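Asks: Note that this note's numbering numbers the sequence shown so that position 191 is 191, with each residue one more than the last.
Virtual Cβ for every residue (Gly too), placed ideally from N, Cα, C.
Note that the structure is a prediction, hence the values are computed from the model and not measured.
Take a look at the following structure, please.
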Amino acid sequence: MEIPVAALIAIALVSYLIGSIPAGYLAGRMAGIDIRSTGSGNIGATNVTRVLGKRYGYPVFFADFSKGIGAVGIATLVGKHLLTPPHSYESLQIVAAVFCVIGNAFPVWLHFRGGKGVATSAGVFFGLMPWAALVGVVVWVVTFAITRYVSVASIMATVALPITVFVMIYFKQTNEFLFLYFTICLAIIVILRHRSNLSRLIRGTEQRFRRE
């Protein structure tokens with residue numbers, strides 16, 4: 001059974017608005033600064049942690065992560081209880097996931113200058129495919145432990161997701177090709193959002209996180 005276009009549009013809009021809540025910007029305002037004018041200028045958890053410390057950075061990460069899970073959760077509830085049979089709402093989940101990440105990266109409230117979508121991407125993927133998301137977490141932790149670069153760890157973890165989903169499809173652990181296409185798009189978005197980090201890595205000026 002096809003999902004009504006109106007439902008897809010509604011989920012897209014709601015998910016975008018959830019994703020666009022600028023947790024990092026709000027945390028900066030609570031601390032008395034505009035986070036966009038200090039550090040890297042990004043409103044994501046990494047810059048907030050560098051500038052304001054873990055007291056602000058960790059809650060921002062949790063908030064951005066929760067936005068992803070929340071958007072997918074709403075789409076799942078709508079698909080299960082309001083619109084379609086349980087086997088036919090994957091496209092609704094994908095729409096929610098994509099637009100939530102877009103909202104995080106391009107929030108209307110901040111002239112479309114948002115975060116890099118990593119924490120929110122992690123949230124939506126835990127909502128969609130928890131086991132594959134755990135692989136991404138392991139890749140992130142190992143890469144970060146070796147390099148101490150958040151940007152490199154984030155890119156590597158995001159690239160690992162479509163590879164993991166492809167392997168799961170190959171071994172018949174899932175047959176949802178929609179998830180494969182989504183993770184490829186997600187990896188492209190995250191890499192594009194890290195263009196400045198890649199430039200700094202090439203120049204050797206990217207900042208590492210120091211061990212405390």
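Using only alpha-carbon positions, find the residue among G28, A187, A23 and C100 that is nearest to F61.
Replies: To locate residue 61, count along the sequence shown from 1; it is residue 61. Closest by alpha carbon: A23.
Asks: Based on Cα-Cα distance, which residue from G114, I74 and S37 lies nearest to D64?
Replies: For this step, residue 64 is matched to residue 64 along the sequence shown. Out of G114, I74 and S37, G114 has the C-alpha closest to the C-alpha of D64.
Asks: Suppose the cutoff is 7 Å on Cβ atoms and the five residues either side in sequence are ignored; what does the same chain contact list for I155 look like?
Replies: In the sequence shown, counting from the first residue as 1, residue 155 sits at position 155. Taken in chain order, the residues that qualify are V190, I191 and H194.
Asks: Closest by CA to I243, which one among N104, R200, M168 and H81?
Replies: One cannot answer for residue 243 here, as it falls past the ends of the chain, which runs 1 to 212.
Asks: Helix, strand or coil for M30? Go by DSSP, reduced to three states.
Replies: Numbered from 1 along the sequence shown, position 30 holds the residue referred to as residue 30. M30: helix per DSSP, three-state reduction.
Asks: Alpha carbon to alpha carbon, how far is T76 from L128? Give it in angstroms, no decimals.
Replies: The sequence position of residue 128 within the sequence shown is 128, counting from 1. The sequence position of residue 76 within the sequence shown is 76, counting from 1. Roughly 9 Å between the two C-alpha positions.
Asks: Going by other Cβ atoms of all chains shown within 10 Å of its Cβ, with 16 needed for buried, is S37 buried or exposed?
Replies: What you label residue 37 is simply residue 37 of the sequence shown in a count that begins at 1. Answer is exposed; the Cβ neighbour count stays below 16.
Asks: Determine the direct distance from the alpha carbon of Y181 to that of M168, and round the result to whole angstroms.
Replies: As a first step, residue 168 must be located in the sequence shown, where it is residue number 168. As a first step, residue 181 must be located in the sequence shown, where it is residue number 181. Near 14 Å, if we compare the C-alpha coordinates of Y181 and M168.
Asks: If you reduce the DSSP assignment to three classes, tell me which class R113 lands in.
Replies: In the sequence shown, residue 113 corresponds to position 113, counting from 1. The answer is coil: DSSP assigns R113 none of H, G, I, E or B.
Asks: Evaluate contact between the segment 128-146 and the segment 157-173, counting only Cβ atoms and requiring at least three cross-stretch pairs below 8 Å.
Replies: Yes, they touch.
Asks: Tell me the rounded alpha-carbon separation between V142 and I11.
Replies: The sequence position of residue 142 within the sequence shown is 142, counting from 1. The sequence position of residue 11 within the sequence shown is 11, counting from 1. Looking at the two C-alpha atoms, the distance is approximately 35 Å.
Asks: With the cut-off set at 8 Å, would you say A97 and V124 are in Cβ contact?
Replies: Sequence index remark: in the sequence shown, residue 97 carries index 97 (1-based). Sequence index remark: in the sequence shown, residue 124 carries index 124 (1-based). Against a cut-off of 8 Å, the Cβ pair of V124 and A97 comes out as a contact.
Asks: Curious, which full-length alpha helix (DSSP H) runs of at least 4 residues does the segment 88-173 contain?
Replies: Listed in chain order, they are 90-105, 118-128, 130-147 and 150-170.
Asks: Would DSSP call S199 helix, strand or coil?
Replies: Mapped onto the sequence shown, residue 199 falls at position 199. Three-state DSSP puts S199 in a helix.
Asks: Who are the Cβ neighbours of A31 in its own chain at under 8 Å, not counting the five residues just before and after it?
Replies: As a working note, residue 31 is residue 31 in the sequence shown. Closer than 8 Å at the Cβ level, and outside the excluded window around A31, lie L52 and Y56.
Asks: Using a Cβ-Cβ cutoff of less than 6 Å, which residues in the same chain neighbour T49 once the five nearest sequence positions on both sides are dropped?
Replies: The residue you call residue 49 lines up with position 49 of the sequence shown. G57, listed in sequence order.
Asks: Taking buried to mean at least 16 other C-beta atoms within 10 Å of its own C-beta, is L186 buried or exposed?
Replies: As a first step, residue 186 is located in the sequence shown; it is residue number 186 there, counting from the start. Buried: at least 16 other Cβ atoms inside 10 Å.
Asks: Tell me the DSSP secondary structure of S40 in three-state form.
Replies: Here the question's residue 40 lines up with position 40 in the sequence shown. In the structure shown, S40 sits in coil (DSSP, three-state: anything other than H, G, I, E or B).
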